[in-house]
Structure formats: structure tokens, C-alpha cells
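*Asks:* Submitted below is the structure of interest, expressed as C-alpha cells.
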Amino acid sequence: MSLPADLFRQLDMMVEERGLPSRSQLIAELIRHALAEHEAFTRPDEMLAGTITIVYRGDRGRVRHQLAQTQADYLKEVISSQHVFLEDDQSLEVLLVQGPASLLKELCDALRRVRGVHQLQLVTTTALLPPLYEQESSKQTKGVMA
């Protein structure tokens, strides 16, 4: 693989700043990230897990309410959310999500439409969360098979 000299220097600086043992490790990480992002747009039925990071300006609760309502509309895809207040009447919210790529993209589009959202980023992986509850073929009562 060949790279322009300036890009190569930036890559080496990034490897050094992150304390990585080699360029290969950084390049592999960047490729995995790019492939996961590509999956989200080219394979709409692919199951993905990830995070949606949102920065928004608070507006007397209206924005938070609309974001919460949108999350409720995608209850199966939103696993959890974490909210913190930032300076200058801004908030940061991180959603843990899992579902088909098409629904995660749809969720992001719906969240972006909320007036007051300044930044939104979806980061995905094809590694999935284990099932929280599984349907069993036989009934189980308090850990004992019935």
C-alpha cells in the first residue's frame, strides 16, 4: 500500500500518540470502522450494535421531550441512554442501540429532525449484544426445569 507523504506522517503521528505497537494495528482499526459504517448503508437488513452520540441545546425541556419520544418510538432498538448536562445550556446524550441497519439509520434521521440537535454520530459494529431474554422450548420456573 502506498500513501502520500503527508498522510503517511500523520498516520505515524497517530500511531505514536495512541502508543500502538505498529501502523498495522491502527490501519486494521480504521478499516474495521470504515467497514462497519459501510455495512450500515449498504446492507439494510444487517444487524448492528452501536452508539448514537447526540449534542443538543436544551430548550425548557422541549428538546429532551422530543428526543425521549423519538427513542420510545424505537423501543426495540434503543437499549439504554446516558445523559449529562454540558456548559452553555447544552446536553450530551449517548444511546446504546442494536437492530437492523435500516432502522438505526431511520432512528438517526428522526433524531436529527428534532430542532435543537447540533451534532449526531452513529458508530456501529457487527458484533452484537447477547440476547437479554430468550424464548425457551420448555418452561423454566425459578431456575428449575418444569
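Numbering (our numbering), first residue to last: 2 to 147. Virtual Cβ for every residue (Gly too), placed ideally from N, Cα, C.
1. Once you ignore the five residues that flank L97 on each side, which residues in its own chain have a CB closer than 7 Å to its CB?
2. Suppose the cutoff is 6 Å on Cβ atoms and the five residues either side in sequence are ignored; what does the same chain contact list for F86 look like?
3. With H, G and I counted as helix, E and B as strand and the rest as coil, what does DSSP make of L93?
4. Less than 8 Å separating the beta-carbons of V115 and Q67?
5. Rounded to whole angstroms, what's the CA-CA distance from Q72 to L108? Just pull it up for me.
6. Of all the options T126, P131, L130 and D46, which has the alpha carbon lying nearest to the alpha carbon of R33?
*Replies:* Here's the rundown:
1. Indexing the sequence shown from 1 puts residue 97 at position 96. These residues qualify, in order along the chain: T52, I80 and S81.
2. Translated into positions along the sequence shown, residue 86 becomes position 85. Within the same chain, F86 has close Cβ partners S92.
3. Taking the first residue of the sequence shown as 1, we reach residue 93 at position 92. L93: strand per DSSP, three-state reduction.
4. Mapped onto the sequence shown, residue 115 falls at position 114. Mapped onto the sequence shown, residue 67 falls at position 66. In contact: V115 and Q67 (Cβ atoms closer than 8 Å).
5. Here residue 72 refers to the residue found at position 71 when the sequence shown is read from its first residue. Here residue 108 refers to the residue found at position 107 when the sequence shown is read from its first residue. Going by the C-alpha atoms only, they are around 8 Å apart.
6. For the purposes of this step, residue 33 is taken as the residue at position 32 of the sequence shown. Closest by alpha carbon: T126.
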